[in-house]
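A short worksheet on the structure shown next.
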Amino acid sequence: MRYVALASDYDGTLALDGQVDEPTIFALQRLRASGRRLILVSGRELEDLLRVFPQITLCDLAVLENGALLYHPASRKAQPLGPPPPAAFIAALQARGVTPLSVGRVIVATWHPNETVVLEVIRELGLELQVIFNKGAVMVLPPGINKASGLVAALRELSISPHNVVAVGDAENDHALLQLCECAVAVANALPSVKTAVDWVTQGDHGAGVRELIDRLIATDLRDLEPRLTRHHILLGEREDGTPVQLPPYGVNVLLAGPSGSGKSTVATGILERLIAQGYQICGIDPEGDYEHFAGAIVLGDRHRAPSVEEVLEVLARPDQNVVVNLLGLPLEDRPAYFNALLARLMELRTHTGRPHWIVADETHHLLPPNWAPATGMLPQDLQGLLMITVHPNQIAPAVLTTVDLVLAIGADPGATLQQFGATVGQPLPPFADHAGNALDAIAWWQRREPPFRLRVAPPAAERQRHRRKYAEGELGPDKSFYFRGPEDRLNLRAQNLQLFMQLAEGVDDATWQYHLRRGDYARWFRESIGDAELAAVAERVAAQAELPTEESRAAIRRAIEERYTRPA
């Protein structure tokens, strides 16, 4: 199950004129019966909501006061998520005759056109408060509190990742909520600005739209909406023409293969860094200790002992924690059984929580050998979000290899690696242009979509930092250096890195600087030798401003270089 929870707005979404009709109540009951959680996210105050929605016990949690109050229906516990409103603020609004005026545990609410008076009072008293609009409602809250921050608190209580939540809403104050969740839905009566920002708009309005969403969620787990969720895709690298190649974070398996020393760990580290940066949870199995210093995860086990399965699950209980399982302390012959036991528990965890989002099996041929038999009740086709890393594709269980969607072959002879994979799964290898590879080149094959193509893999952070140092301070060859020559070739000043380029740029005369700027020489060097298309675009924009004084054009390009290469991160 991918979506284990529904986060729904109340007014204008679940409710019409403040009431939830009986068919929608039945739909909420079906949602709960499917094993999913229900979280209500509303701008209403608690007492008001209890009066109009007695079925609140259908909800696991309710986020009220536009994110400022967390309510537990089972225990009737109300937990403020911010400080109470300042008494002086309330008194000033009352003194100015602001009506209606509602004061909650944290929120202060009124209606248009009182926002003018509200803003004046905030300014006069010097208060640090924010104003949020919801159609005609005017809500005043402490800074940083909104529906998204409230939902984060609720999800923390339930140990659910936002990547396993679908949200539905209709108005301005729902934007933060919708943006936080993996899938965003608007009911048909939503504001136009909300409809343009979501992944799907229901045909039905209000409760009918929510029922439509629940029926689709139970029937398909919203699999048919996956092509629309490209905003979550992970960068893999670029094609030869510079087109980015993205990895869907759900529903695909990847095989990363190549000989020892070809850079598999470098490529894998970059992929894992970007998955973790977007909040996806990773469980990595590391038979050889290659990831014992990986910064984005808690490493369990060492060369003396392997962690228990329970230790791994304890780390994964929190959605914001990732784990690397070091198996150096486990004999080689015991690793397949260990992995089989762990995999069964990970799949069980996924059934209830949708996590971990990715399972990484380094040295996969040690963990899933050709004679691998899945645990009881688990089928190879159930495996998704699996990154397999290996030297020997033909030594992995064929039943698992047939689930691979993307092959990344690296090293000096990627064609041989692809041939080995294709022969194992019975898939003929289409013709492609082979190459002599290095650690950041690969041949990528979406085997069910298109023939193999060359891919320049996006490097991990450490590799990017090394490249930044190289271009900022290193020694580029004569063919990659920049030469200040001027309009009459009177000069021949070589800049073999960006720091020297900036020093020379400050010293050359205005005519020389402008000559190279107008010819596009700086942009060309940044793009072709430095490999930085964004820096090249800055230079092109500066060159296009013909009226810009020489010193200002120098300063603009210098700032762009400093921000990208020479200032601390």
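First residue of the sequence shown: 1299, per this note's numbering; consecutive thereafter.
All C-beta atoms in this analysis are idealised placements derived from N, C-alpha and C, irrespective of residue type, glycine included.
Everything numeric in this text was worked out from a predicted model, so none of it was measured.
Pairs of beta-carbons, one from the region 1324-1341 and one from the region 1508-1526, closer than 8 angstroms: are there three or more? yes
Going by DSSP in three states, Asp1513 sits in which element: helix, strand or coil? helix
7 angstroms Cβ shell around Arg1783 - same chain, five flanking residues per side excluded: Leu1789, Asn1790
Top-ranked residue by Cα proximity to Trp1744, from Ala1756, Glu1413, Ala1313, Pro1728: Pro1728
Quick one, are the C-beta atoms of Gly1316 and Val1339 less than 9 angstroms apart? no
Which first and last residues belong to the beta strand (DSSP E) in which Lys1375 is found? 1375-1378
Please determine, among Gln1812, Arg1330, Ser1457, the residue with the shortest C-alpha to C-alpha distance to Thr1848. Gln1812
Does DSSP put Ile1657 in a helix, a strand or coil? strand
Roughly how many angstroms separate the alpha carbons of Ala1734 and Gly1713, rounded to a whole number? Low local confidence applies: a pLDDT of 47 at Ala1734 is under 50, so the model's placement there is unreliable, with the coordinate-based value given in what follows. Going by the C-alpha atoms only, they are around 10 angstroms apart.
Contact check, Pro1381 vs Pro1440 under 8 angstroms by CB: the rounded distance? 6 angstroms
Give the straight-line distance between the Cα atoms of Leu1304 and Lys1493, rounded to the nearest whole angstrom. 18 angstroms
How big is the Cα-Cα spacing for Val1463 and Val1755? 30 angstroms
Which residues in the same chain as Arg1856 place their Cβ atom closer than 6 angstroms to its Cβ, once the five residues preceding and following it in sequence are excluded? Met1800
Leu1359 beta carbon less than 9 angstroms from that of Ala1452: yes
Can at least three beta-carbon pairs, one atom from the region 1468-1485 and one from the region 1664-1671, be found at a separation below 8 angstroms? no
Using the Cα positions of Gly1775 and Phe1730, report the straight-line distance between them to the nearest angstrom. 31 angstroms
Nearest residue (CA-CA) to Glu1612, options Asn1624, Leu1625, Leu1598, Arg1603: Leu1598
Top-ranked residue by Cα proximity to Arg1852, from Leu1815, Arg1825, Phe1824, Val1429: Leu1815
Pull up the distance between the alpha-carbon of Asp1787 and that of Thr1810, whole angstroms please. 9 angstroms
Run through the region 1621-1672 for me and flag every whole beta strand (DSSP E) of 3 or more residues, listed as ranges in chain order. 1621-1624, 1656-1659
Those residues which DSSP pairs with Leu1753 across a bridge: Ala1740
In chain order, what residues of the same chain have a beta carbon less than 6 angstroms from the beta carbon of Gln1353, not counting five sequence neighbours either side? Ile1323
Hey, Met1869 and Leu1553 are a contact pair by Cβ (cut 8 angstroms); roughly how many whole angstroms apart? Only positions 1299 to 1867 of the chain appear in this structure, which leaves residue 1869 out of reach.
Phe1387 - DSSP class collapsed to helix/strand/coil: helix
Same chain only: Cβ atoms within 8 angstroms of Gln1544, ignoring 5 sequence neighbours per side: Thr1528, His1531, Ile1532, Leu1533, Leu1534
Do Arg1342 and Asp1319 come within 9 angstroms of each other at the CB atom, strictly closer than that value? no
Straight-line CA distance for Asn1444 to Asp1711? 53 angstroms
Would you mind stating whether Gln1428 and Gly1442 have Cβ atoms separated by less than 9 angstroms? yes
If distances are taken between C-alpha atoms only, which option among Ala1858, Thr1722, Glu1631, Cys1581 comes closest to Ala1654? Contrary to the premise, residue 1654 reads as Pro rather than Ala in this sequence. Nearest option by C-alpha distance: Cys1581.
Beta-carbon separation of Leu1626 and Asp1600 under 9 angstroms? yes
When you compare each of Val1496, Thr1649, Leu1614 to Ser1457 by their alpha carbons, which one comes out closest? Leu1614
How is His1591 classed by DSSP in three states: helix, strand or coil? coil
Selected residue, minimal CA-CA separation from Leu1649, among Ala1484, His1473, Asp1519: One detail in the question is off: residue 1649 reads as Thr in this sequence, not Leu. Among Ala1484, His1473, Asp1519, the Cα nearest to that of Thr1649 belongs to Asp1519.
Would you mind working out which of Pro1667, Tyr1369, Leu1753, Arg1792 sits nearest Ile1708, comparing C-alpha positions? Leu1753
Of the listed residues Cys1481, Ala1742, Asp1703, Val1485, nearest to Val1723 (C-alpha basis): Asp1703
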